[in-house]
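A.B. asks: Residue numbers for the sequence shown follow full-length UniProt numbering, beginning at 1 and rising by one. Glycine included, every Cβ here is placed at the ideal spot set by N, Cα and C. Predicted model, so just to flag it, every value in this text is computed and none were measured.
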Amino acid sequence: MAKSLRAKSSHKAKRFRRHNLEYQSVVDERAERIANKAIDNYISEKIKLARENGDESTPEEELKETFRAEAEALYRKKGPKNIGDENMEVENQEESNESSDKPKVSTSGWRSARHLNYRRAKKEKSKKKKGSFMKF
């Protein structure tokens, strides 16, 4: 019933509710809470690291502001998180270009399922027996 006409209206209504009314706002709020928590954790870890490395003279508020800018850039942006991700995309595009140069593999014919192998064996046996006229 996934694509039937009878289910189409209910699917459309569910999709509308999910994206526009009830559910999407909850999901967005959750993502916002998680991002804020990750930013706070990032800032506290960076401040702790700075204190361990001997940066005692800088006030904590100044450190928070500098690390908050880094964390906002890291956790709030929508694109790839670092340069390595962009390189991965370029490599994937190159691999897809190489794979398009390869000849296509034919998918027609017998598959390797057990029941199909059984059928194939039975057909081959019947082909062999057709030519013989002896019973034994």
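Check whether the region 66 to 76 and the region 34 to 45 are in contact - that is, three or more C-beta pairs closer than 8 Å.
C.D. replies: Output reads yes: the region 34 to 45 touches the region 66 to 76.
A.B. asks: Suppose you measure from the CA of R30 to the CA of S57; what does that come to, to the nearest Å?
C.D. replies: Cα-Cα distance, rounded: 37 Å.
A.B. asks: With N53 as the anchor, note down where its alpha helix (DSSP H) starts and where it stops.
C.D. replies: Element bounds for N53: n/a, residue is neither H nor E.
A.B. asks: Do Y75 and I39 have their beta-carbon atoms positioned less than 8 Å apart in this structure?
C.D. replies: Contact: yes.
A.B. asks: Report yes if the CB atom of R17 is closer than 8 Å to the CB atom of Y23, and no otherwise.
C.D. replies: In this structure, Y23 lies closer than 8 Å to R17 by Cβ.
A.B. asks: Under three-state DSSP, which class holds S9?
C.D. replies: Three-state DSSP puts S9 in a helix.
A.B. asks: State the Cα-Cα distance for the pair E12 and E32, rounded to the nearest angstrom.
C.D. replies: Residue 12 is actually Lys in this sequence, not Glu. Approximately 27 Å between the Cα atoms of the pair.
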